[in-house]
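In this note's numbering, the protein residues as written are 57 to 258.
Don't be surprised by glycine CBs; every beta carbon is placed ideally from N, CA and C.
The structure presented is a predicted model; accordingly, all values stated were derived computationally and were not measured.
Written as structure tokens, this is what we have:
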């Protein structure tokens with residue numbers, strides 16, 4: 057089959073829902089994350105844009121870590137004043153253009169961490185929607201070896217929410233024919249993030 061260049065931002069428009077949850081109880085938060093996961097499952101099972109539909113493959117159930125509110129963190133945004141274009145390596149050895157937008161600094165499990173936030177170049181991404189790919193010490197074990205993705209809603213505030221419970225797999229985790237961007241070196245985090253989607257082992 058022909059390989060496809062794939063940037064996973066469109067899933068944000070179809071299946072990934074973002075919530076501003078400050079002040080809500082853990083129970084309400086867990087329910088909303090569960091609803092978001094259910095919508096992603098619905099998309100993958102039924103949408104014509106799903107990789108399973110595109111390649112006429114049987115959908116098998118996804119696996120997720122238990123929803124843990126401690127993996128929802130507040131981050132300080134360090135915007136890059138003069139955004140520069142960078143080529144991000146993809147799973148098939150090619151590369152795709154992105155704009156370096158900002159760094160998000162936060163604390164998780166007592167560690168000070170930072171993620172590079174990117175904006176796809178030339179794909180008509182949604183306004184205020186940004187992207188980051190990350191890997192961690194679970195990558196290649198309980199989670200997909202090529203890393204996982206997060207879509208971020210960013211407006212004027214320099215204080216944003218990062219919720220690793222919403223981390224999801226690129227299409228390459230399901231179908232190897234896709235070409236998916238890999239995490240840049242600065243986004244390889246030195247800890248286990250046992251949150252979000254697990255590896256697809258079917």
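Contact belief for residue i with residue j at Cβ below 8 Å, rounded distance in angstroms
{"i": "residue 120", "j": "residue 254", "result": "6 Å"}
{"i": "residue 218", "j": "residue 89", "result": "At roughly 13 Å, the Cβ-Cβ gap does not stay under 8 Å, so residue 218 and residue 89 are not in contact."}
{"i": "residue 221", "j": "residue 123", "result": "5 Å"}
{"i": "residue 251", "j": "residue 127", "result": "4 Å"}
Short Cβ contact (7 Å threshold) for residue i with residue j
{"i": "residue 162", "j": "residue 169", "result": "yes"}
{"i": "residue 203", "j": "residue 153", "result": "no"}
{"i": "residue 190", "j": "residue 243", "result": "yes"}
{"i": "residue 177", "j": "residue 155", "result": "yes"}
{"i": "residue 16", "j": "residue 245", "result": "Since the first residue of the chain shown is 57 and the last is 258, residue 16 is not available in this structure."}
Exposure label - residue i; buried when at least 16 CB within 10 Å
{"i": "residue 81", "result": "exposed"}
{"i": "residue 241", "result": "exposed"}
{"i": "residue 92", "result": "buried"}
{"i": "residue 96", "result": "buried"}
{"i": "residue 117", "result": "exposed"}
{"i": "residue 226", "result": "buried"}
{"i": "residue 184", "result": "exposed"}
{"i": "residue 229", "result": "buried"}
{"i": "residue 100", "result": "buried"}
{"i": "residue 138", "result": "exposed"}
{"i": "residue 94", "result": "exposed"}
{"i": "residue 188", "result": "buried"}
Three-state secondary structure (DSSP) of residue i
{"i": "residue 220", "result": "helix"}
{"i": "residue 107", "result": "helix"}
{"i": "residue 89", "result": "helix"}
{"i": "residue 125", "result": "helix"}
{"i": "residue 116", "result": "coil"}
{"i": "residue 97", "result": "helix"}
{"i": "residue 199", "result": "strand"}
{"i": "residue 243", "result": "helix"}
Contacts around residue i, its chain only, beta-carbon distance under 6 Å, and the 5 residues preceding and following it disregarded
{"i": "residue 201", "result": "195"}
{"i": "residue 133", "result": "158, 160, 214 and 216"}
{"i": "residue 135", "result": "158"}
{"i": "residue 175", "result": "155, 157 and 186"}
{"i": "residue 198", "result": "254"}
{"i": "residue 142", "result": "154 and 156"}
{"i": "residue 224", "result": "205 and 253"}
Own chain, CB closer than 7 Å to residue i, minus 5 neighbours either side, in chain order
{"i": "residue 165", "result": "247"}
Sequence-distant residues of the same chain with beta carbon closer than 8 Å to residue i, five excluded per side
{"i": "residue 231", "result": "107, 108, 110, 111 and 113"}
{"i": "residue 140", "result": "155 and 156"}
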